Amino acid sequence: MTDAHVRARGGDGGGQKRDLTYPPLPQALTVPVYDNHTHMEIADGVGDGGDGPLEYREHLDRASSVGVRGVVQVGTDLATSQWSAAIAAREPRVLAAVALHPNEAPVLDEQGLLDEHLAGIEQLAALPRVRAIGETGLDFFRTGDDGRAAQIRSFEEHIRIAKEHDLALTIHDRDAHHAVVEVLERVGAPERTVFHCFSGGPELARLCAERGWYMSFAGTVTFKNAQNLREALHVAPRHLIMVETDAPFLTPTPFRGRPNAPYLVPLTLRSMAETLGTEPSMLAAQISSNTELVYGSWDAEPVTVVE
Numbered sequence: 012m013t014d015a016h017v018r019a020r021g022g023d024g025g026g027q028k029r030d031l032t033y034p035p036l037p038q039a040l041t042v043p044v045y046d047n048h049t050h051m052e053i054a055d056g057v058g059d060g061g062d063g064p065l066e067y068r069e070h071l072d073r074a075s076s077v078g079v080r081g082v083v084q085v086g087t088d089l090a091t092s093q094w095s096a097a098i099a100a101r102e103p104r105v106l107a108a109v110a111l112h113p114n115e116a117p118v119l120d121e122q123g124l125l126d127e128h129l130a131g132i133e134q135l136a137a138l139p140r141v142r143a144i145g146e147t148g149l150d151f152f153r154t155g156d157d158g159r160a161a162q163i164r165s166f167e168e169h170i171r172i173a174k175e176h177d178l179a180l181t182i183h184d185r186d187a188h189h190a191v192v193e194v195l196e197r198v199g200a201p202e203r204t205v206f207h208c209f210s211g212g213p214e215l216a217r218l219c220a221e222r223g224w225y226m227s228f229a230g231t232v233t234f235k236n237a238q239n240l241r242e243a244l245h246v247a248p249r250h251l252i253m254v255e256t257d258a259p260f261l262t263p264t265p266f267r268g269r270p271n272a273p274y275l276v277p278l279t280l281r282s283m284a285e286t287l288g289t290e291p292s293m294l295a296a297q298i299s300s301n302t303e304l305v306y307g308s309w310d311a312e313p314v315t316v317v318e
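Going letter by letter, the sequence shown gives residues 12 to 318 in my numbering.
Structure representation (structure tokens):
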């Protein structure tokens with residue numbers, strides 16, 4: 012990728028050398044789905060022949076070839092949100108979500124730039140191919156007590172923007188389940204609220220189900236140590252389930268640790284179907300319907316695949 016706003020993936024903190032090769036193409040789905048959450052602006056991995064990360068069109072072409080009809084490209088700051096909106100404007104397989112990531116809020120607040128950047132996000136929210144505000148929310152894993160007030164204020168402003176523009180809300184919730192729910196209930200959640208990379212157990216899933224909030228499952232649901240997520244998946248009503256990659260992170264089993272990409276959605280979806288005891292095609296049809304209800308139409312060319 013040569014775009015100015017493409018950035019390299021940061022380190023994972025483990026100190027171990029990663030396998031940077033992209034996993035092989037999975038078996039194609041018979042019923043196409045959408046990747047609810049991806050970050051194609053983050054360069055990661057080595058393409059065929061060792062020639063560097065895939066360019067976003069290559070990501071989309073690979074995804075199309077295995078039955079992933081479209082993606083939601085998600086911004087995490089003003090620059091990547093602008094990039095996401097620009098890609099969505101020229102690529103029919105992409106819709107955009109725009110926001111300031113929770114961990115950006117304290118930094119911008121300290122610099123005196125939070126309000127300016129929030130205003131930039133609100134400008135992007137008016138664009139026709141921007142269909143969600145996100146990822147926003149709360150992250151108490153990386154932000155200490157001194158940064159929480161800025162995170163909460165930023166989250167509240169993103170909620171306001173989503174409601175005023177009738178957009179979906181994409182929530183980042185890390186070690187902050189109770190606080191996220193408190194803010195949503197206090198200020199009022201948008202009609203279409205999505206917990207991206209759902210990380211709660213069955214209790215949070217029941218709460219989301221009661222309130223009509225969507226739960227989007229990433230590759231983490233395939234991990235051996237994620238029984239709580241599989242229990243949550245059982246609790247979640249089928250009409251509130253979505254699937255995502257959060258690429259280039261959270262690559263599903265058996266390729267955990269290698270670069271993730273939208274074309275790997277079928278691995279997570281098949282694992283979800285196995286957990287639920289249903290056919291992948293039936294789950295894919297339900298998830299596609301759910302995703303279109305949240306974001307509207309992609310207006311992409313139909314994808315015909317054979318399993």
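Ideal Cβ positions, reconstructed from N, Cα and C, are used throughout, including at glycine. Note that this is a predicted model, so its numbers are computed, not measured.
Burial state of Val-317, where buried means 16 or more other Cβ atoms lie within 10 Å: With a pLDDT of only 43 at Val-317, under 50, the local geometry of the prediction cannot be trusted, and the value read off the model is given with reservation. Looking at its Cβ environment, which holds fewer than 16 other Cβ atoms inside 10 Å, Val-317 is exposed.
Where Tyr-33 falls: helix, strand or coil (DSSP): coil
Residue(s) in a DSSP beta bridge with Ile-144: Val-109 and Leu-180
Cα-Cα separation between Arg-29 and Gly-268, rounded to whole angstroms: 7 angstroms
Under 8 angstroms between C-beta atoms of Val-198 and Glu-167: yes
Nearest candidate by alpha-carbon position, reference Ile-132, set Ala-173, Asp-156 and Thr-233: Ala-173
Cα-Cα separation, Pro-248 to Met-283: 13 angstroms
For His-189, the first and last residue of its enclosing alpha helix (DSSP H): 188 to 198
Helix, strand or coil at Val-118 [DSSP, three-state]: helix
CA nearest to the CA of Pro-113, picked from Pro-103, Arg-203 and Thr-87: Thr-87
Same chain, Cβ closer than 8 angstroms to Ala-96, neighbours up to 5 away in sequence not counted: Gly-86, Ala-107, Val-109, Leu-135, Leu-138, Arg-140 and Val-141
Those runs of the alpha helix (DSSP H) which lie wholly inside the segment 211 to 252 and span at least 4 residues: 213 to 222 and 238 to 246
DSSP three-state assignment for Tyr-306, whether helix, strand or coil: helix
Where Ala-258 sits in the DSSP three-state scheme: strand
Asp-46 versus His-183: straight-line alpha-carbon distance, rounded: 16 angstroms
Phe-166, enclosing alpha helix (DSSP H) - first and last residue: 159 to 175
C-beta contact flag for Ala-2 and His-70 at 8 angstroms: Any property of residue 2 remains undetermined from this structure, which presents the chain solely from 12 to 318.
Inter-residue Cα distance where the pair is Val-305 and Asp-156: 33 angstroms
Candidates Pro-37, His-48 and Leu-180, of which the one nearest Val-205 by Cα: Leu-180
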